[in-house]
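Read the structure below first, then the notes.
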Amino acid sequence: MAVESKRKLPLIIKIVVLALLSVIFIFPVFMIFSKSIMTQEEAMAFPPMLWPKNGAAHFENYITIINIFGKNKYGMPYMISYFLNTLMVVVLSTIGVLFSASFVAFGFCKIKFPGRDLVFMIVLATMMIPSAVTMVPLYVIFSNLHMTNSTVPLWFPMWFGGGALNIFLIKQYMMTQPKEITEAGMIDGAGYFRQYFSITLPNTVPILVAVGIGAITGAWNDLQGPLTYISSSENYTLTMAVSMLSTDTSLNIDNLPATMAACMYLLIPPCLPFVFGQKYFIESVVMSGIKG
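Quick note: the sequence shown uses my numbering, first residue 33, plus one each step.
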C-alpha cells in the first residue's frame with residue numbers, strides 16, 4: 033500500500049503543477065473577457081472586479097467596438113474592413129508558406145545535386161539574421177516596386193521560401209518517409225513534380241498543419257509589418273486598429289470594455305486552427321524528431 037502511494041505521489045504533484053500553470057496562463061484571457069462584458073465603471077473599479085455585478089453581462093460592447101471607427105466609403109464599418117484585410121493577409125501568407133517551404137524542402141530532401149548540404153546550411157544560417165537588419169532593405173525594395181501602403185508586402189515574401197525554420201521542419205518530416213515510395217514512383221515514370229504533388233505532399237499533412245498553424249498565428253498577430261508598410265487607414269489590419277485604441281489619443285476613445293472586446297476579436301481566431309489541428313500538430317512534432 034505504501035509503495036502504491038509513493039508511485040501515485042509524483043503523478044499527483046505533476047497534475048497539481050500543470051493545473052496551476054494552466055490557471056496562470058488562462059487567467060489573463062479570462063480577465064480580458066470579463067472586462068469586455070463590464071460597464072466602464074466596473075472595468076475601472078479598484079480593487080479590480082473578476083465578474084460584472086449581479087452577473088449582468090454587457091455583450092453590446094462587442095457591437096460598440098465594431099462601429100467605433102465609423103464606416104468607410106462603401107458603408108462598411110472600418111473594423112470589419114480591418115478584419116477582412118487581416119484575413120486576406122493570413123490566407124495568402126499561409127498558402128505561400130505551405131507551398132514554397134514544402135517545395136524547397138522537397139528539393140533538399142529528395143533531389144541530389146552538387147552543393148546541396150552547403151546550400152541547406154546557408155538557408156539555415158539565415159535564421160540568425162535579425163529581422164531588424166532586413167527591415168530597411170525590404171522597405172526600399174517594396175517602395176521601388178510601388179507596393180508600399182498596401183497589404184502586399186505582408187504576404188508576398190512568404191511565397192519565396194516560406195522561412196528557413198519551416199523548410200527545416202518540413203524537410204525533417206519528409207526524411208521520415210520511406211524512400212521506397214518515391215523510388216516506386218520513379219520506376220512508374222513519375223518526375224519530380226509528380227512525386228512532389230502526388231506522393232510526398234499528401235504524406236506530409238501533419239507537418240503542413242503544424243507549419244500552417246504557425247503561419248496563421250504569425251500573420252494574424254503581426255504588428256511591425258503593417259506599421260512599417262501601411263499608412264492609409266483603408267489598408268489597416270486588425271492589430272493596428274487594436275493598437276490605435278490604446279495609443280492614438282486623437283481618437284478620444286475612453287471605453288475600456290470595448291477595447292477589451294476588440295482584444296477578444298484579435299485573440300480568438302488564431303486559437304481555432306490549433307484547436308482543430310492539435311492532433312496533427314502533436315504528430316508532426318513527434319515525427320520531425322525521429323530522423324535528422
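Heads up, the beta-carbon is just placed ideally off N, CA and C, and yes, glycines get one too. The structure displayed is predicted, hence computed values, not measured ones.
Beta-bridge annotation (DSSP): Lys103 is paired with Pro109.
Around the CB of Gln227, 16 or more other CB atoms lie within 10 Å, so the residue is classed as buried.
Around the beta carbon of Cys303, a 10 Å sphere encloses fewer than 16 other beta carbons of the protein chains shown; the residue is thus reported as exposed. The Cβ atoms of Asn235 and Gln209 lie closer than 8 Å to each other. Around the beta carbon of Ser54, fewer than 16 other beta carbons sit within 10 angstroms, so the residue counts as exposed. Assignment of Lys144 by DSSP, reduced to helix, strand and coil, places it in the coil class. When DSSP states are grouped into helix, strand and coil, Tyr205 belongs to the helix group. Ala75 and Pro289 have their C-alpha atoms spaced approximately 7 Å apart. The beta carbon of Met190 is closer than 6 Å to those of Ser125, Gly128, Val129 in its chain, skipping five residues each way along the sequence. Fewer than three beta-carbon pairs drawn from the segment 103-117 and the segment 162-180 are found closer than 8 Å, and the two stretches are therefore not classed as touching. From the listed residues His90, Ala51, Ile100, Leu43, the smallest Cα separation to Val274 is found for Ile100. With a minimum length of 3 residues, there is no unbroken run of beta strand (DSSP E) contained wholly in the segment 192-274. With contacts defined by Cβ atoms closer than 8 Å, Val241 and Gly309 form a contacting pair. In terms of CA proximity to Met296, Ile95 leads the group Pro162, Ile95, Ala137. One alpha carbon belongs to Ile143, the other to Ile262, and they sit about 40 Å apart. Rounded to the nearest whole angstrom, the CA to CA distance from Phe78 to Thr71 is 14 Å. Between the alpha carbons of Glu92 and Ile98 lies a gap of roughly 10 Å.
For the pair Leu82 and Ile69, the Cα-to-Cα distance works out to about 11 Å. For Glu92, no alpha helix (DSSP H) run applies, since DSSP gives it neither H nor E. Excluding residues up to 5 positions away in sequence, Ala133, Ser134, Ala137, Thr236, Ile239, Val243 lie with their Cβ nearer than 7 Å to the Cβ of Ile202 in the same chain. Per DSSP, reduced to three states, the secondary structure at Phe308 is helical. When the five nearest sequence neighbours on each side are left out, the beta carbons in the same chain lying within less than 6 Å of the beta carbon of Phe152 are those of Phe140, in order along the chain. For Met111, the closest of Tyr268, Val121, Ser66 by C-alpha to C-alpha distance is Tyr268.
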